[in-house]
Structure formats: structure tokens, C-alpha cells
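Residue numbers (the numbering used here): -7 to 526.
Step one of this worksheet: look at the structure below.
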């Protein structure tokens, strides 16, 4: 009888422990999600990982992985909830399939948080080892997420600090991953302090407080150093911008309903809307006017759509500005056709200056990866065919300066803007169509990530969206002239054309690769000797 009661008590204890894990995983996930738009409470990110790190440093690797994976799943289910509506409303598939897609994506992305927690538990050591190891592993895993399976670096932790202007200046050395490093560094220092507080048996030992306090001091000093660097960098760049040549750039937001955008009956109305808004912007006499991704819902400059092309060109002739227009493109390839998501640069007379084809295409939206194996999968976007990719690093030339173009979610991949700046781009232009996201937090998150591309490359960014958020970001990261969601709008701002090259442009993701190397060195090599495997 005693054995049975003991077994019941043990099972009840295990059940209680699981509920505790779920509670703290949910708390961590909630703090992480609230750090991003919306509500963009970036301060929460500095403590969001504390529960997970504390648990990982006390639990077995299996338990740590379970809690980390759960934290990641819950976080990404909340952060990416817009996926369901996008797939259902614009993909034309049932809600249940949209939910399934969100769950599968969250299960995958949650693995990275699970591996982070597993690594902390598997190779945990005392004090300063953990303080360095945790942010190094986090950055290595974030970078892996940027590269693996075509990459999906949406919502990297460093993006939560977009409004700490001085702090984020360091991304011109490390990329956004450096900010992630600092956030995890502080979370780890706080977790070590929490562990010391929870260990009531040794409160009376003064010496035991040394390591957590030193860790907190190191983390605070590094963050303070980042603020100091950022403050001086802002002052320096202010002077550089004043000396740089500048352009007056206009962005047009047509707010075309995605449900009718590709309907032939609405093509004339779409063109009229963009030309009307552009006419208003031309009164300010901009040098360059930018229309968003696929703003012209036909094959611009293609003979098959000559009447519509002429209608656009007649409207462009109303001013002296040059234009960048988003449009699908079709080109003959043998007996078939190749299709591109393209940005055309043309003069007010309709003469072609240059073009850019989207490089990083959306899987299952603009092309089907592993098409031989996934032949049964239909594309989510109704279009003429699978798009072909352009060439990484291409810029639009034809002026005394060059433009680096990012189309849609290319703005979340730092290496693409870096490649264009290495090719000579003095200005970044982002053409997008965020109508897919509805009134969720995704348009704000998307703009948040594009903002970092300006700071990393020290190039001004003009962003034109079919519907919000259009606007401008200067090379320091300050936002100007943003537009609301679901409104027709235009904005014009004067932007500097920069020539300096940041260390991030010169050396790319060197910092991230160092973190990858340190993860392998500190974990399997150094930590493998004394790491725990229970």
C-alpha cells in the first residue's frame, strides 16, 4: 500500500513539474512576443529568456530541450499568427490548412530555442563560461535559421531594440546578430543572479554572490559600451550625411485591394490610382518616384500588354522625375517563358534605365522548392508561373549613383542589401506589398526589419508598399514620413546618397561565424569534458 501511495505521489509531483514548465514557457513566450510589434515593448526582451535559462541550468538536457522547444513554439504561434489569414484569404485554401502551416512552421522555428536550452544544460559550467556561452549559442542558432532551408530570419531577437537608436548603431559591425548577443548576455547575467537568490541554503556565504554580480557587471559594461559607441557614431554620421549629395525621393502607396489586384477589370482603376497619387507627389518636384512591388498588375514593357504600358508612360510624362516601378516580367526562354518579380527604372519619357529581378523568392508563393519531390503542391500565389531568381548584388545603374533594390521580404535578409552596397549602391529602395498581412503586427514587424538594413549598410532607405508601411529611414536608423495601413498616400523626403562602407559591408557576417566557431569550441570541445548528460 505504501508503494502504491508513493507512486501516486511521485506521478502527481511529475505532473505538477510539467505544469510549472508550461507556465514558465508561456511566460517567456509572452514576453518575447510582446517585445515585437505589436505592442513592441522591447524592454521585455531583456528579461524574456530568464525563466528558460534558469530552468536550463538546473534541468537535464532532455528537460531543458522540452521547455525550450515549448517556449519557442508558443512564441512563434503568437508572433506569426498572421500566417493563417494570409494562406486562407489569399491562398484560397481552408482555414485548417492555414492553421496546420502555422503549427508546422512554429514547430520548426521552436527547435532553435529548444537547441539553445539543450546546449546550456548539456555543456553547462560555472559562472563566466555560461555568461559567454549562452549569447554565443543563441547567435549561432539565429544565423543558422537565416541560412537553413532557404532561410526564415523573421523576428530575430535583436530587432526588438529598434527604438534604442544608440544601441543599434553597432549593427554596422556585427549586423542585427550583435544586438541579439547583448540581449541574451543580459538575460544570462540576470538568470545567474536569480539562481543565486533561489539557492537559499548558501545565502549566508558572501563569496557565493561574486560570480553573478561580476556577470551582471560585465553585461552592463558591454551594453554601456555599445551605447557609447552608438552615441559617437550618430554624431559622426550626422556630419557625413550633411556633406553627402542628396536626392528628393517620393514613395506612392496605392492601397489596392489584394482580392481584386489581378482582376483584369480593375487594371485601369489601379493605374489611375497610382498616377493620381503620383501627380500629387510630383508637385513637390521629387527626383525619383517609387511605386511598390507589382504596382502595375500586368507585364510592363512587354508587347502583350502594350496598351497598358502606354497608359502608364503617358502618366509618367507629367513631371521630370525618374521612376522605379514594380511589375511582373515575362521573357522568352526557348519554347517557353521565364517569369520574374521585377523592378523597372524608367525616365519620365518611358525610356528604360535599368531593372532588378527579385533574388530571394518566397517558397510556395513564388516558386516551389524541390519541385520534383513536391510536384503535388500548388503555389499560393496565382500568377503566370514559377518565378525565376535574379542575380545577387545587382543594382540599378544609369545615374551618377546606383540603387540597391529589395523586393518584399528580401529586406529581412541582410546579405542582400550588403551585396548591393558592395556593388556600388548609394541608396536602398524596398518595394513591397504588405496587403497579404492584413491588420496584424506583420506589416510593423516587416518595416522593423527593413529599418536595420539602413543602419547595417549606412544607406538611406526608401520603402514603397502597396499598403503600409511606406516611408523612409536615414543611415542612422531614424524613421521619417511613414504612412498608415490601408490608406492611399504619398510621401516625399530628401535622402543622402552615401559612399562610405561600414565594417559589416566589408566583412559581412564575420561576427556570426565567430559565434558559430565558438559554439563548437566551447560546447563539444571544452564543455564535453565536464558537461552533464543526465
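Here a beta-carbon is modelled for each residue, glycine too, at the ideal position from N, C-alpha and C.
Open item on the list: Run through the DSSP bridge pairs and tell me what residue 424 is partnered with.
Closed with: 457
Task: Cβ pair count under 8 Å reaching 3, the segment 261 to 273 against the segment 492 to 509 - done: no
Open item on the list: The beta strand (DSSP E) that contains residue 324, what's its start and end?
Closed with: 314 to 325
- [ ] Sort out for me which residues DSSP pairs residue 359 with in a bridge.
- [x] 355
Open item on the list: Extract the residue ranges of the alpha helix (DSSP H) inside the segment 183 to 240, only unbroken runs of 4 or more that lie entirely within it.
Closed with: 202 to 235
- [ ] Measure the C-alpha to C-alpha separation of residue 101 and residue 147 and round it to an integer number of angstroms.
- [x] 11 Å
TODO: Compute the Euclidean distance between the alpha carbons of residue 75 and residue 206, then round it to the nearest angstrom.
DONE: 43 Å
TODO: Spatial neighbours of residue 50 within its chain, please: CB distance less than 8 Å, with the 5 preceding and 5 following residues excluded, ordered by chain position.
DONE: 187
Open item on the list: Can you tell me whether residue 249 is buried or exposed? The criterion is at least 16 other CB atoms within 10 Å of its CB, across all chains shown.
Closed with: exposed
Task: As assigned by DSSP and simplified to three states, the class of residue 341 - done: coil
- [ ] Please check the pair residue 445 and residue 420, which I expect to be a contact at CB under 8 Å, by giving their CB distance rounded to whole angstroms.
- [x] 6 Å
TODO: Give me the Cα-Cα distance between residue 99 and residue 340, rounded to the nearest whole angstrom.
DONE: 49 Å
- [ ] Would you mind working out which of 357, 39, 359 sits nearest residue 183, comparing C-alpha positions?
- [x] 39
Open item on the list: Pairs of beta-carbons, one from the segment 108 to 128 and one from the segment 406 to 424, closer than 8 Å: are there three or more?
Closed with: no
Task: Residue interval of the alpha helix (DSSP H) (run including residue 64) - done: 53 to 71
- [ ] Report, in whole angstroms, the separation of the C-beta atoms of residue 429 and residue 78, which I expect to be a contact under 8 Å.
- [x] 6 Å
Open item on the list: I need the straight-line Cα distance from residue 483 to residue 112, nearest angstrom please.
Closed with: 48 Å
Open item on the list: For the alpha helix (DSSP H) containing residue 129, name the first residue and the last one.
Closed with: 120 to 139
- [ ] Evaluate residue 7 with the Cβ neighbour count: other Cβ atoms within 10 Å of its Cβ, from every protein chain shown; 16 or more gives buried, anything less gives exposed.
- [x] exposed
Open item on the list: Checking the sheet assignment: what are the DSSP bridge partners for residue 332?
Closed with: 321
Task: Three-pair Cβ contact test at 8 Å for the segment 160 to 180 versus the segment 504 to 511 - done: yes
Open item on the list: Pull the bridge partners of residue 99 from the DSSP assignment, please.
Closed with: Paired residue(s): none; residue 99 is not in a bridge.
Task: CA nearest to the CA of residue 157, picked from 110, 135, 437, 219 - done: 219
Open item on the list: In whole angstroms, give me the CA-to-CA distance for residue 528 and residue 105.
Closed with: Given a span of -7 to 526 for the chain in the structure shown, any question on residue 528 remains unanswerable.
- [ ] Assuming residue 242 contacts residue 287 (C-beta within less than 8 Å), just tell me the rounded distance between them.
- [x] No, residue 242 and residue 287 are not in contact; Cβ-Cβ is about 13 Å, not under 8 Å.
TODO: Note the first and the last residue of the continuous alpha helix (DSSP H) segment covering residue 401.
DONE: Where residue 401 is concerned, there is no enclosing alpha helix (DSSP H), given that its DSSP letter is neither H nor E.
Task: Inter-residue CB distance, residue 315 and residue 323 (contact presumed, cutoff 8 Å) - done: Residue 315 to residue 323, Cβ: 21 Å. No contact.
Task: Same chain only: Cβ atoms within 7 Å of residue 299, ignoring 5 sequence neighbours per side - done: none
TODO: Could you pull the start and end residues of the beta strand (DSSP E) that residue 481 belongs to?
DONE: 481 to 488
Task: Distance, residue 297 Cα to residue 375 Cα - done: Low confidence applies here, because residue 375 scores a pLDDT of 42, under 50, leaving its location unreliable and the question unanswered by this model.
Open item on the list: Taking the beta carbon of residue 180 as the centre, do at least 16 other beta carbons fall within 10 Å, making it buried, or is it exposed?
Closed with: buried
Open item on the list: Between which residues of its own chain and residue 42 is the CB-CB distance below 7 Å, once the five residues before and five after are set aside?
Closed with: 179, 182, 183, 186
Open item on the list: Let me check understanding here. Comparing Cα to Cα, which of 306, 357, 403, 416 lies closest to residue 342?
Closed with: 306
- [ ] Buried or exposed for residue 338, please, with buried defined as at least 16 other CB atoms from any protein chain shown within 10 angstroms of its CB.
- [x] buried
Task: Cβ shell of residue 293 (< 6 Å), same chain only, five flanking positions each side left out - done: 301
TODO: Go to residue 307, then tell me how far its alpha helix (DSSP H) extends in each direction, as first and last residue.
DONE: 298 to 308
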